[in-house]
Structure formats: C-alpha cells, structure tokens
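A short worksheet on the structure shown next.
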Amino acid sequence: MAAIERPVAKPRPVYLNLLAIRQPLPAIVSVLHRISGALLFAVGIPLLLWFVQTSLASGDGYAAAFAPLSSWFGKLVLLALAWAWIHHVLAGLRHLALDLHIGVDLAPARKASAVVMVVAILLTLIVAVRLW
Amino acid sequence: MVGGPVDRLAVGAHYGARDWLAQRVTAIVMTLYTLLIALIVLWHGGLDYATWKAMFASAAFRVSSFLFMVSLLFHAWVGMRNILMDYAKPTSLRLALQIVVVCVLVAYAGWTAQVLWGGP
Numbered sequence: 001m002a003a004i005e006r007p008v009a010k011p012r013p014v015y016l017n018l019l020a021i022r023q024p025l026p027a028i029v030s031v032l033h034r035i036s037g038a039l040l041f042a043v044g045i046p047l048l049l050w051f052v053q054t055s056l057a058s059g060d061g062y063a064a065a066f067a068p069l070s071s072w073f074g075k076l077v078l079l080a081l082a083w084a085w086i087h088h089v090l091a092g093l094r095h096l097a098l099d100l101h102i103g104v105d106l107a108p109a110r111k112a113s114a115v116v117m118v119v120a121i122l123l124t125l126i127v128a129v130r131l132w
Numbered sequence: 133m134v135g136g137p138v139d140r141l142a143v144g145a146h147y148g149a150r151d152w153l154a155q156r157v158t159a160i161v162m163t164l165y166t167l168l169i170a171l172i173v174l175w176h177g178g179l180d181y182a183t184w185k186a187m188f189a190s191a192a193f194r195v196s197s198f199l200f201m202v203s204l205l206f207h208a209w210v211g212m213r214n215i216l217m218d219y220a221k222p223t224s225l226r227l228a229l230q231i232v233v234v235c236v237l238v239a240y241a242g243w244t245a246q247v248l249w250g251g252p
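Chains H and C supply the protein sequences, listed in that same order. Our numbering numbers the first residue of the first sequence as 1 and each following residue consecutively. Our numbering numbers the first residue of the second sequence as 133 and each following residue consecutively.
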C-alpha cells in the first residue's frame, strides 16, 4: 500500500488566555452563574443558617441577627450575597427556558443574557437603596 | 488512570442526565419556597420576632424549610462538583476538594436539623 504523503503538520498557535479573549455575553452570564453559586455555597448557606438560628433564639437574638446590618461591612456582605442570589436565580431561569428551547438562537440568547445581567444589577441596586 | 481495562475515574461524571434533572427540580423547589416566604412577609406587611417565631412553630413550615434546605444542599453538591470537574484537573486534587465539599454539606445538613428541630 502506498503511503500517502502528508505535509508535516505545523504546530498551530494555541491562544487560550481567557482573560484576553473577549467573551460573549452568554459566557459572562455563565461564569457569573458559577461564581455566584460558589459564593452562595461557601458564604451564603452558613450565614443563612446562622441568621435563622440566631433570630429564632429570643427577642434579643432577633435583634442580634440584624445587628451586622448596622455596619458598612455587614451591608456590603449582604449586598454581595443578594446579587449572587438574584443573578443565580435569573441565570437559572434562563437555563430552564433554554431547556424548553426558548431563546436558543444567537440573538435571543444574547438578549436574554443582557436581561439577566441588567435585571440582576437593578434588583441589587433596590436592595442597596433599602439597606442604606 | 488512562488505558486500563476499566477506563473510568471514581470522580468523573457518568451520571449526567439524573443530575441534570435533579438540578432543575431542586431549583424549582427553592424558587417556590422563596416565593412562599415573600408572600408570607407581604401578607404580614413586614416581619417581627413574634411573626417569625410563629412561622417556625408550624410543623408544615418546618418541613417546607427542610425540603428547601435538602434541595439547596443537593443543588450545591451538583454545582460544586461540576465546577471542580472543570477546574480541578489532577484527580487527587479533585477528589480531595470533593471530599471537603461533601463534608461541608453534611455539616450544613446537621446544622439545619439543629436549627429546625433542636431549638429551645
């Protein structure tokens, strides 16, 4: 069998610096979905359990559970978690819509991603206004 | 680990469809619970200690809260495992981190039971 002459493959440039590639909007929403989820796992769940436990202990405990919100740092932590929760839920709803074949095409996918980003930020701003 | 007769990693994903469904079912349970909380708070026109305490005095609310927390913890497991599968490449590191996540989730589950049924 005659060997087929193949040109020697040139090493192709690999360019996978994720920070230098301009990510499409759905990719940004997706990675924020992961970051917000990890944040809720590591910080959100323990704080939620602490809050419910402390607030149910007594009337004083109820006040103590809200006490961190009188400091800037406490407000900032709650605001970050509020954003994480809101973004995660909205991005999740988008996933459910995609499962139902809604918004799968490129233009609707981009549009829905933009809606998720913007609405999450707007709702977080409302939380911020109520906190301060 | 590659090329053996059984080319399969203990910490790999070979159970995608089941987790895909579970992730969505738990998400819907959590969304419904969140809406329930929002409705209760709106119904009472805000929240105070007496209302809060009365909510958790109801067995039905405690069971709903437990269902929410179980959904949350399972959802967190699927999500954290997916993240680790993508970014923690060495199998030993991935296994170690997954064990940490499982231990944390079991601790959260114990804490949840304590909060819901171990109270004064």
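Built from N, CA and C at the ideal position, the CB exists for glycine as well. Predicted model only: the values in this text are computed from it and were never measured.
Outcome for W72 (chain H) when other beta-carbon atoms lying within 10 angstroms are tallied against a minimum of 16: Counting from 1 along the first sequence, the entry for residue 72 (chain H) is found at position 72. Exposed is the call here.
Residue interval of the alpha helix (DSSP H) (run including Q23 (chain H)): Residue 23 (chain H) sits at position 23 when you count from the first residue of the first sequence. Counting along the chain, Q23 (chain H) falls outside any alpha helix (DSSP H), and DSSP gives it neither H nor E.
Limits of the alpha helix (DSSP H) - the one that H88 (chain H) falls within: Within the first sequence, numbered from 1, the residue matching residue 88 (chain H) stands at position 88. That run of the alpha helix (DSSP H) goes 72 to 99.
Short CB-CB distance (under 8 Å) between M217 (chain C) and chain H: If you number the second sequence from 1, residue 217 (chain C) lands on position 85. The beta carbon of M217 (chain C) does not come within 8 Å of any beta carbon belonging to chain H, so the residue lies off that interface.
Collapsed DSSP secondary structure at L16 (chain H) in the structure displayed: As a position in the first sequence, residue 16 (chain H) is number 16, starting the count at 1. Of the three classes helix, strand and coil, the one that applies to L16 (chain H) here is coil, per DSSP.
Residue-chain proximity (I121 (chain H), chain C), Cβ-Cβ < 8 Å: Looking up residue 121 (chain H) in the first sequence gives position 121. Judged by the 8 Å Cβ criterion, I121 (chain H) is not in contact with chain C.
Members of the segment 16 to 30 of chain H near chain C, C-beta cut-off 9 Å: Closer than 9 Å at the C-beta level to chain C, one finds no residue of the segment 16 to 30 of chain H.
Any C-beta of chain H under 8 Å from that of F198 (chain C): Your numbering for residue 198 (chain C) matches position 66 in the second sequence. Output row for F198 (chain C): interface = no.
T244 (chain C) versus V43 (chain H): straight-line alpha-carbon distance, rounded: Here residue 244 (chain C) refers to the residue found at position 112 when the second sequence is read from its first residue. Here residue 43 (chain H) refers to the residue found at position 43 when the first sequence is read from its first residue. T244 (chain C) and V43 (chain H): Cα-Cα distance of roughly 15 Å.
Listed by chain order, chain H residues near L153 (chain C) by CB distance under 7 Å: By one-based count along the second sequence, residue 153 (chain C) stands at place 21. Listed along chain H is no residue with a C-beta nearer than 7 Å to that of L153 (chain C); the closest approach is about 10 Å.
D218 (chain C): first and last residue of the uninterrupted alpha helix (DSSP H) it sits in: The sequence position of residue 218 (chain C) within the second sequence is 86, counting from 1. D218 (chain C) -> alpha helix (DSSP H) spans 191 to 219.
L112 (chain C) (DSSP reduced to helix, strand or coil): Past the edges of chain C, shown from 133 to 252, lies residue 112 (chain C), and the structure says nothing about it.
Three CB pairs or more closer than 8 Å across the segment 186 to 203 of chain C and the segment 6 to 23 of chain H: No: fewer than three Cβ pairs fall under 8 Å.
First through last residue of the alpha helix (DSSP H) which encompasses P108 (chain H): As a working note, residue 108 (chain H) is residue 108 in the first sequence. Its alpha helix (DSSP H) spans residues 106 to 131.
Cβ pair A114 (chain H), W83 (chain H) closer than 8 Å: Walking along the first sequence from the start, residue 114 (chain H) turns up at place 114. Walking along the first sequence from the start, residue 83 (chain H) turns up at place 83. Cβ distance not < 8 Å, so A114 (chain H) and W83 (chain H) don't count as in contact.
CB contact flag (F41 (chain H), A154 (chain C), <8 Å): Locating residue 41 (chain H) in the first sequence gives position 41, counting from the first residue. Locating residue 154 (chain C) in the second sequence gives position 22, counting from the first residue. Contact flag unset, no.
Best match in C:F200, C:A192, C:L179 for proximity to Y59 (chain H) [C-alpha to C-alpha]: By one-based count along the first sequence, residue 59 (chain H) stands at place 59. Correcting the residue identity first, residue 59 (chain H) is Gly in this sequence and not Tyr. Considering only alpha carbons, the answer is C:L179.
F154 (chain H), enclosing alpha helix (DSSP H) - first and last residue: The structure shown does not extend to residue 154 (chain H), since chain H is modelled only from 1 to 132, so the question has no answer here.
Any chain H beta carbon closer than 8 Å to Y181 (chain C): Counting from one through the second sequence, the residue named residue 181 (chain C) turns up at place 49. By this cut-off, Y181 (chain C) is an interface position.
Cβ of I102 (chain H) within 8 Å of any chain C Cβ: For the purposes of this step, residue 102 (chain H) is taken as residue 102 along the first sequence, with counting starting at 1. So no, I102 (chain H) is outside the interface.
Closer than 8 Å to chain H by CB, W243 (chain C): If you number the second sequence from 1, residue 243 (chain C) lands on position 111. For W243 (chain C), the closest Cβ of chain H is nearer than 8 Å.
Three-way DSSP call (helix, strand, coil) for I172 (chain C) in this model: As a position in the second sequence, residue 172 (chain C) is number 40, starting the count at 1. The DSSP-derived three-state label of I172 (chain C) is helix.
Buried versus exposed, by CB contacts within 10 Å (16 or more), L90 (chain H): For the purposes of this step, residue 90 (chain H) is taken as the residue at position 90 of the first sequence. Residue burial is scored here from C-beta neighbours: L90 (chain H) has at least 16 other C-beta atoms within 10 angstroms and is therefore classed as buried.
T160 (chain C) in three-state terms, based on DSSP: Here residue 160 (chain C) corresponds to residue number 28 of the second sequence, with the count starting at 1. Strictly speaking, residue 160 (chain C) in this sequence is Ile, with Thr absent from that position. It is helical.
Beta carbon proximity, L204 (chain C) to chain H, threshold 8 Å: Taking the second sequence and counting its residues from 1, the one referred to as residue 204 (chain C) is at position 72. It does; some Cβ of chain H falls within 8 Å.
Start and end residues, alpha helix (DSSP H) containing V253 (chain C): Since the first residue of chain C shown is 133 and the last is 252, residue 253 (chain C) is not available in this structure.
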